[in-house]
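Protein chains in written order, with this note's numbering: chain A, 21 to 460; chain B, -11 to 174.
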């Protein structure tokens, strides 16, 4: 019978293998119309183009303004400048084109050589960034004004005073910046960073029954931390990809569970554990044969043969340890993070998103006894590898060309549950990563 | 006949003629697949249309590794599967149960004389769930484990549905064969 059923599979597979049916003619028109609808282009290239145009337009405008300033203020410059106002040590060199224009115009002007020499000495650095001090040389001023009167279209104001020329403020503009931009900057694509973050964990409750729900509600996650080193590669001016190695810890407090010590003398069990404690993270197996556990709040969460009707820890004179059990887990994280730089400035703003593989390193459960850890056991059924996703915003303050400080509030969600038990522990965390990056 | 690589390249460049040539070359085979996965012609047309739109939109993802026709077929089958998933809730469970209860073992295993259009007609008469499982298992070659994830059912359900689909198909193939013989014998 099985053969005949498999045979029917072959009948259909072979029979329909090369079968063709002509589709209705109008279908192609529908498909073609849908396929050739112009797609919306991604917004990022547009923004890039707009940003590039803005930068070029700004630079062009500034360059144009500069040229205008130099040429139109030439008379003012010449009329007010004196040699003392120049400071060769501090002032940058005027770009060659602008300098030659100024030099040529000065040479071509009908002013006397003394003035020209005083204004722009050949090859002399020029300060265009500050204000020019008040000029108080009456003799030179008279010469200037006399020259001005000789020029067509220039009329002498009635109230002119030769003794003093009004100071002229140059537009504040730094040539140094232009010079720096003119040089091709070295692209620093790589960066290493060290980061750390206090982390708050919580969970979306997915308990499958009432006990699981109660457990989820009663267990309290504790503040934890993450830290490590990262290596980032800049894919483009805006995008970068980062990986690294982080160490992270997380834990929770299980309240309402009484732990007693001194049970070993009564332990006749051949099992490797006497107690199973149900928690949000998973089931804890008591690996310490000296510990006795019970729960007054939710007795069903402690599963054991040594129930209170069989064994009374008080009558047996066991030592009370604590009513709180601590569960600690630690992970080694391997993240893949993408960053998109939204604002590129002294303080950069980034949008961050990525995934992270988390490898379980440590798994311990304990109570606190006299300030020290009293081991209870381990959490069972934990996945040794879990996957988390992260989303955040980042601020990057550039201290120097190579160094920057980072601050990144990040939300993380664990995509697969930590355990395979009933509670389906899917924690999420909120952390503020801070650190320092070095670009090279 | 134009080389498939040239056709794909032309399609990627937005060349309408190449797009149409590609469509004409494969539409027949893929429409047969769509009919195989659907209960009526309108549904088949929808699957073919959506499938081809996906093919053109994802053409840049085809890396010239493996059969191009196989790549297109997978997209078409996935489109049919998406349609099935979205309509799954509309199918009445009692329809399936009713058929299952009245099923009996086939009285013939004589499949001779059946042509492809007969097989297609038979397969399309299956209830949607059985048709989908049978197609995925017997025609596409997926395992029950894969099917359980694709259709969101258990492996056991996949196996039992396949079993019922086979019984129905065997019965109907038998009926078709009998009718055809009667017609042939006058």
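Ideal placement from N, C-alpha and C gives every residue a C-beta, glycine not left out.
Predicted model only: the values in this text are computed from it and were never measured.
query, result
"For chain B, check one thing: does any of its Cβ atoms lie closer than 8 angstroms to the Cβ of residue 286/A?", "no"
"Can you tell me whether DSSP reads residue 52/B as helix, strand or coil?", "coil"
"What span of residues does the beta strand (DSSP E) with residue 381/A cover, start to end?", "367 to 389"
"May I ask you to report which of helix, strand or coil DSSP gives residue 55/A?", "helix"
"Residue 111/B CB to nearest chain A CB: under 8 angstroms?", "yes"
"When the Cβ atoms of the region 427 to 438 of chain A are set against those of the region 289 to 299 of chain A, are three or more pairs found closer than 8 angstroms?", "no"
"Between the alpha carbons of residue 54/A and residue 373/A, how many angstroms are there, rounded?", "32 angstroms"
"Can you list, in chain order, the residues of its chain with a C-beta nearer than 6 angstroms to that of residue 17/B? Leave out the 5 residues immediately preceding and following it.", "none"
"If we count the other Cβ atoms within 10 Å of its Cβ and call it buried at 16 or more, is residue 12/B buried or exposed?", "exposed"
"What does DSSP give as the partner residues of residue 439/A in its beta bridges?", "402/A"
"Which chain C residues sit within Cβ distance under 7 angstroms of residue 51/A?", "Note that chain C does not occur in the displayed structure, where the protein chains are A and B."
"Name the residue from 36/A, 52/A, 49/A whose alpha carbon lies nearest to the alpha carbon of residue 22/B.", "36/A"
"Suppose you measure from the CA of residue 384/A to the CA of residue 312/A; what does that come to, to the nearest Å?", "17 angstroms"
"Which residues of the region 118 to 132 of chain B have a Cβ closer than 7 angstroms to any Cβ of chain A? Give them in chain order.", "126, 127"
"Examine chain A for any beta-carbon lying closer than 8 angstroms to the beta-carbon of residue 19/B, and answer yes or no.", "yes"
"Based on the DSSP secondary-structure assignment, which residues constitute the bridge partners of residue 418/A?", "424/A"
"Can you give me, in chain order, the residues of the region 407 to 441 of chain A that have a beta carbon less than 8 angstroms from any beta carbon in chain B?", "none"
"With a 10 Å radius around its C-beta and 16 neighbouring C-beta atoms as the bar for buried, classify residue 152/B as buried or exposed.", "buried"
"Around the Cβ of residue 75/B, are there at least 16 other Cβ atoms within 10 angstroms (buried) or fewer (exposed)?", "exposed"
"Between residue 50/A and residue 24/B, is the Cβ-Cβ spacing less than 8 angstroms?", "no"
"Is residue 137/B buried or exposed, if buried means 16 or more other CB atoms sit within 10 Å of its CB?", "exposed"
"What's the C-alpha gap between residue 344/A and residue 240/A?", "11 angstroms"
"Per the DSSP calculation, residue 314/A is bridged to which residue(s)?", "278/A"
"Using alpha carbons as the reference points, say which of 365/A, 276/A, 348/A, 287/A lies closest to residue 314/A.", "276/A"
"Is the Cβ-Cβ distance between residue 111/B and residue 32/A less than 8 angstroms?", "yes"
"Would residue 397/A be called buried (16 or more neighbouring beta carbons within 10 Å of its own) or exposed?", "buried"
"Under the rule that 16 or more other beta-carbon atoms within 10 Å means buried, what is residue 255/A, buried or exposed?", "exposed"
"Nearest to residue 145/B by alpha carbon, out of 120/B, 160/B, 157/B?", "120/B"
"Considering only the beta carbon of each residue, do residue 348/A and residue 269/A sit closer than 8 angstroms?", "yes"
"Can you give me the C-alpha to C-alpha distance between residue 238/A and residue 318/A, rounded to a whole angstrom?", "10 angstroms"
"Would you call the CB atoms of residue 334/A and residue 389/A closer than 8 angstroms?", "no"
"If residue 339/A sits next to residue 280/A, beta carbons under 8 angstroms apart, how far is it from one beta carbon to the other, in whole angstroms?", "6 angstroms"
"I'd like to know whether the C-beta of residue 15/B is nearer than 8 angstroms to at least one C-beta of chain A.", "yes"
"Secondary structure at residue 296/A, three-state DSSP: helix, strand or coil?", "strand"
"Going by Cα to Cα distance, which pick from 47/B, 43/B, 149/B is closest to residue 123/B?", "149/B"
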